[in-house]
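Student:
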Amino acid sequence: MNDLQGLYVRMAVDAWNSELKATNALLDKLSDEQLMREIAPGRNRGIYLLGHLTAVHDQVLPLLRFQETIFPELYGPFHDEPDRAVADLPSISQLRAQWKEVNDTLMAHMNKLPPVEWFTRHANISEADFPKEPHRNRLNVLISRTNHLAYHRGQLVLLVQK
1 MNDLQGLYVR MAVDAWNSEL KATNALLDKL SDEQLMREIA PGRNRGIYLL
51 GHLTAVHDQV LPLLRFQETI FPELYGPFHD EPDRAVADLP SISQLRAQWK
101 EVNDTLMAHM NKLPPVEWFT RHANISEADF PKEPHRNRLN VLISRTNHLA
151 YHRGQLVLLV QK
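Counting from 1, position 57 in the sequence shown corresponds to residue 57 in the numbering used here; the numbering is continuous, with no gaps.
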């Protein structure tokens, strides 16, 4: 590892932490009633976005080769299916607890990962293919998931005024 790698990792992890902190503050501000509303007419509801983000962050655990998912049952209704396609969703309080557990688990793993390990392959690329595509590394996953989180936080913020 060199100092530049450590700097890049620090910048990416800090951006993740900042976005996660802002999203947590927003979710704390939103009532369960607000989360049941659509972000715009005919668009996703807040509950769906909370479940979607939880499911996606849960999938990051095996993608970064940390561990298996904690809540695999969330992936179908909140990733494979659109909002309202599944009638029996978990409660908002359950999703809030799952959101916290998934992100706490992710952070525990991330904080233990040495900087040089962030530049190793993620689980969706083989060891044989990785030398040809070294950008398909764990750090790149973190950057893309940070952008994904920011995008959906931008949607959730629309619920504050409703």
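All residues carry an ideal CB built from backbone N, CA and C; glycine is no exception.
1. Under a three-way DSSP split, which group does Asn44 fall into?
2. Going by the DSSP bridge assignment, what does Arg121 pair with across the sheet?
3. Glu81: which of Val60, Tyr48, Ile70 sits nearest, CA to CA?
4. Starting from Met110, follow the alpha helix (DSSP H) in both directions and report where the run begins and ends.
5. Please tell me whether Glu165 and Ala150 are closer than 7 Å, where the distance is taken between their beta carbons.
6. On the DSSP bridge list, what partners appear for Glu38?
7. Between Leu106 and Gly51, which are expected to be in contact by the criterion C-beta below 8 Å, what is the C-beta distance as a whole number of angstroms?
8. Around the Cβ of Leu159, are there at least 16 other Cβ atoms within 10 angstroms (buried) or fewer (exposed)?
9. What did DSSP end up calling Asn17 once you bin it into helix, strand or coil?
10. With a Cβ-Cβ cutoff of 7 Å, do Arg145 and Trp118 count as a contact?
Tutor: In this structure, then:
1. coil
2. Asn137
3. Tyr48
4. 92-112
5. Outside the shown range of the chain (1 to 162) lies residue 165, about which nothing can therefore be said.
6. Arg45
7. With a Cβ gap of about 16 Å, Leu106 and Gly51 do not count as contacting.
8. buried
9. The answer is helix: DSSP assigns Asn17 an H, G or I state.
10. no
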